[in-house]
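Asker: Below are the structure tokens for one structure; questions will follow.
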Amino acid sequence: TAAVCPPPDFSTAQNFDLSSYVAGRWYIQEQMPTNYLPESQNYCVYAEYTLGSHLYGYEVSVRNHAEDVADPHAAHDSGNTLCAKVVDEASGKLEVAPCFLPAFLAGPYWVVDYDESAGYALISGGAPTQETAGGCSTGTGTNNAGFWIFTRQQTRNETLVT
């Protein structure tokens, strides 16, 4: 039977605490390839966030870092060019875009699950609306795309990530 996308039971984090979420670096243990994070750059990937107001109503600075898988591991770092707008803090819904773009052009960044004490977060580029053989997925473009497994520790914890 065809999947219903997004699944009726799909939801994001509950009682999300943005301040604790942005308090430290997140290391990406697994990620779905997107236009801006292809598999070829899936090495030493991390994200950092800082609270603060910006033009167009953005409230969070976003820094993404990735390196090429192949030697010499060239770095791809967003620096201070990305910003996030809080859409619904309690449910972990934000939108991210280059800071120079108006917020209505930002794409969804949804915290699906988050546990600071366990040190992990699951991030989706919005609701999984694409039907796939295995169920539902987000897209692979720029907005409404991607899925990430974040941990606070750089070294992969197989028990936590598996």
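In terms of our numbering, the sequence shown is residues 6 to 167. Note that CB positions come from ideal geometry on N, CA and C, so glycine has one too.
#1: Quick one: grab the DSSP three-state call for G62.
#2: Less than 8 Å between the C-beta atoms of Y63 and A89, yes or no?
#3: Compute the distance between the beta-carbons of Y48 and E72, then report whether it is under 8 Å.
#4: What number of angstroms, rounded off, separates the C-alpha of C104 from the C-alpha of S24?
#5: Assuming R157 and W31 form a contact by the criterion Cβ under 8 Å, report the distance between their Cβ atoms to the nearest whole angstrom.
#6: Taking only three categories from DSSP, how would you classify T55?
#7: Apply the 10 Å Cβ neighbour rule to P113 and answer buried if 16 or more other Cβ atoms are within range, or exposed otherwise.
#8: What distance in whole Å lies between the Cβ atoms of S122 and A18, which are believed to be in contact at a cut-off of 8 Å?
#9: Identify, in the order they occur along the chain, each residue of the same chain with its Cβ nearer than 6 Å to the Cβ of D82, setting aside the five sequence neighbours on each side.
#10: Under the rule that 16 or more other beta-carbon atoms within 10 Å means buried, what is V116, buried or exposed?
#11: Which full runs of the beta strand (DSSP E) of 3+ residues lie inside the stretch 48-127, going along the chain?
#12: Per DSSP, E44 is paired with what?
#13: Is the beta carbon of T147 closer than 8 Å to that of P38?
#14: If I measure Cβ to Cβ from A150 and keep anything under 6 Å in the same chain, skipping five residues before and after, which residues do I get?
#15: Return helix, strand or coil for S24, following the three-state DSSP convention.
#16: Compute the Euclidean distance between the alpha carbons of A111 and D120, then round it to the nearest angstrom.
Answerer: The relevant details are as follows:
#1: Helix, per DSSP.
#2: yes
#3: yes
#4: 20 Å
#5: 7 Å
#6: Reduced to three states, the DSSP call for T55 is strand.
#7: Classification of P113: buried, given that the 10 Å Cβ count is 16 or more.
#8: The pair is not a contact, with the Cβ atoms about 14 Å apart (cut-off 8 Å).
#9: Cβ within range, chain order: H70.
#10: buried
#11: Considered as a whole, the stretch 48-127 harbours 48-56, 65-72, 80-82, 87-93, 98-103 and 112-120 as its complete beta strand (DSSP E) runs of no fewer than 3 residues, in chain order.
#12: Per DSSP, none; premise fails for E44.
#13: no
#14: T39, G130, T143 and G144
#15: helix
#16: Whole-angstrom Cα-Cα distance: 26 Å.
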